[in-house]
Each structure stands twice: as structure tokens, then as C-alpha cells.
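Numbering (this note's numbering), first residue to last: 2 to 230.
What follows is a single structure, written as C-alpha cells, with notes after it.
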Ligand SMILES: NC(=O)c1ccc[n+]([C@@H]2O[C@H](COP(=O)([O-])OP(=O)(O)OC[C@H]3O[C@@H](n4cnc5c(N)ncnc54)[C@H](OP(=O)(O)O)[C@@H]3O)[C@@H](O)[C@H]2O)c1
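In C-alpha cells:
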């Protein structure tokens with residue numbers, strides 16, 4: 002059965018490689034992008050006939066709802082959601098501006114929450130769904146929350162969202178939600194000194210998105226291994 006996956010932030014970096022990976026596995030891929038022309042340019046670099054660009058800006062709740070309503074009307078039910086889009090606000094605690102903190106929360110927490118609210122009920126009804134929240138070790142209490150405050154706090158909240166939401170999914174339902182850290186990846190966000198390729202960064206997201214029914218849920222992963230929150 003062909004599964005339909007929505008990847009946010011799919012025009013570059015880890016999101017692009019994740020979209021490419023799902024296409025290689027025969028999925029119908031919806032590339033969630035802020036800028037349609039960026040998305041169309043990226044789509045040309047992915048092989049497959051069932052790849053589509055959909056506009057979504059995670060800081061704008063209206064575009065999130067519009068995107069999902071239109072995408073499901075045109076392409077059918079979304080089975081797999083990869084909440085990948087991210088922003089790195091580098092400001093220190095002293096310099097952090099309210100607007101940048103708010104943007105981080107919108108992109109990393111409120112947007113993903115809204116997408117879950119829009120898509121999870123259908124997944125539960127159809128008894129199939131996979132949600133993957135691309136988080137970070139900088140949002141893990143056990144790893145010291147060392148990143149810049151807006152980033153670390155919002156990723157910690159994304160981890161909390163993952164665990165909280167997993168509680169409402171009953172054990173006998175074939176719907177799974179997990180969070181993951183891709184490691185330090187060579188992208189615009191990760192910078193040129195990062196040791197990992199975007200392909201490597203996408204591996205765990207792909208694995209979690211295609212978990213079998215007996216796969217884990219409510220967990221946090223890096224390199225396909227469970228890590229502590
Ligand atoms: N790279 C790393 O070392 C690393 C480490 C740990 C976790 N992560 C996480 O991995 C994910 C992907 O990161 P990356 O390294 O691939 O970053 P990236 O290359 O900077 O890509 C970020 C993506 O997010 C999109 N995005 C940003 N703001 C958005 C918004 N308001 N609405 C919709 N999309 C938006 C960007 O779109 P535009 O092109 O339009 O800006 C872009 O497609 C992020 O969640 C990040 O926090 C990365």
C-alpha cells in the first residue's frame with residue numbers, strides 16, 4: 002500500500018533528504034515548504050512521479066490549516082507526518098527578543114501541535130499513522146540543554162509534546178509518535194564543520210516514519226537507538 006507522507010521544511014537540509022528517502026521507498030511525498038519556487042526547485046532533484054510541493058509556514062496557523070485541508074482533498078489522507086522544519090535563534094539569554102522566542106515556539110511546538118491536531122484524529126480512525134518530531138539533543142534534560150535558550154527550550158517542549166501525545170494513543174492502535182535527534186549535521190543550520198551528511202541525519206526519521214506495527218512509540222531516538230529525554 003502506498004503511504005502518503007508530509008515532510009515540513011523539505012526544500013533543503015535534513016527535510017529534503019527525508020523527502021528523498023521516502024520517495025525512494027515508494028511513498029507519495031508532500032514536500033511542505035514556505036516558498037513554492039524553492040520547493041519546486043528542490044523537487045526536481047528527487048526521482049519519482051508522486052512528489053508534490055505544498056505551501057506551509059509554521060509561524061502562520063491559517064496556512065497550516067489551509068495546507069492540510071487542501072493537501073488531503075487533492076492527494077488523499079496523510080499517513081506519515083515528519084515535523085522537521087526548524088529555526089536556530091542564536092541569541093543569548095540576555096539578548097533574546099520576545100519575537101524570536103515566539104518564532105521558535107511556533108515553528109518547533111505550536112505548528113507541530115496544530116499539525117498533530119489536524120492529522121492525528123484521521124490516523125486514529127484509520128488505525129494507521131506515524132508522527133516523527135525532529136528534535137535535538139539540545140532539548141534533552143539528560144544532555145544538559147546546552148543550546149541557545151530559544152532553541153533548547155522549544156525543542157524540550159517538542160519532546161514534551163511527543164511524550165504527552167503518546168499517552169492518548171492506545172497500545173492496541175497502529176499509530177506511533179516519536180521524537181529524534183539527527184546528530185550534528187552539515188546543513189545551513191548545522192554549519193560546514195558538522196561531521197554528518199544530511200542523508201545520515203535523515204536516516205532515523207525515515208526509520209521512525211516506516212516503523213512496523215510492533216515498533217516503538219513515545220520514545221526519543223538517535224541513530225535508531227533509544228536515548229533519554
Ligand atoms: N543540522 C543539525 O546539526 C541539527 C541538529 C539537531 C537537530 N536538527 C533539527 O533538524 C531539523 C532540520 O534541520 P536542518 O539542519 O535541515 O536545517 P536547515 O537546513 O536550516 O533547514 C530548515 C528547514 O526548515 C524550514 N523552515 C524554517 N522556518 C520555517 C517556517 N516558519 N515554516 C516552515 N518551514 C520553515 C526551512 O525553510 P526555508 O528554506 O524557507 O527557510 C528549511 O526548509 C530542524 O528541526 C533542526 O532543529 C538539526
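All C-beta atoms in this analysis are idealised placements derived from N, C-alpha and C, irrespective of residue type, glycine included.
Small disclaimer: the values here were computed from a predicted structure and weren't measured.
**Request:** Output the boundary residues of the beta strand (DSSP E) element that contains residue 181.
**Result:** 176-181 is the span of the beta strand (DSSP E), which, as asked, contains residue 181.
**Alpha-carbon spacing of residue 123 relative to residue 78, whole angstroms** = Taking the straight line joining both Cα atoms gives about 8 Å.
**Request:** Run the proximity test for residue 149: is its beta-carbon closer than 6 Å to any non-hydrogen atom belonging to ligand 1?
**Result:** Residue 149 Cβ: outside cutoff for every heavy atom of ligand 1.
**Proximity to residue 184 [Cα-Cα], best of 144, 151, 154 and 174** = The shortest C-alpha separation from residue 184 is found at 144.
**Request:** Leaving out five residues on either side along the sequence, give the residues of the same chain with a beta carbon under 6 Å from the beta carbon of residue 6.
**Result:** Excluding positions up to five away in sequence, the list reads 23, 28, 30 and 81.
**Item:** The alpha helix (DSSP H) enclosing residue 119, as first and last residue numbers
**Value:** Per DSSP, residue 119 belongs to the alpha helix (DSSP H) from 112-127.
**Asked** Hey, quick one: how far does the alpha helix (DSSP H) through residue 154 stretch, first residue to last?
**Response** Start and end: 150-167.
**Asked** Since residue 85 and residue 8 are thought to touch, with beta carbons under 8 Å apart, how far apart are those beta carbons, to the nearest angstrom?
**Response** Approximately 6 Å separates the beta-carbon atoms of residue 85 and residue 8; this is inside 8 Å, confirming the contact.
**Asked** On the three-state DSSP scale, how would you describe residue 218?
**Response** Here DSSP, grouped into helix, strand and coil, assigns residue 218 to coil.
**Asked** For the candidate residues 198, 206, 199 and 195, whose alpha-carbon lies nearest to that of residue 180?
**Response** Checking every option, the nearest Cα to that of residue 180 belongs to 206.
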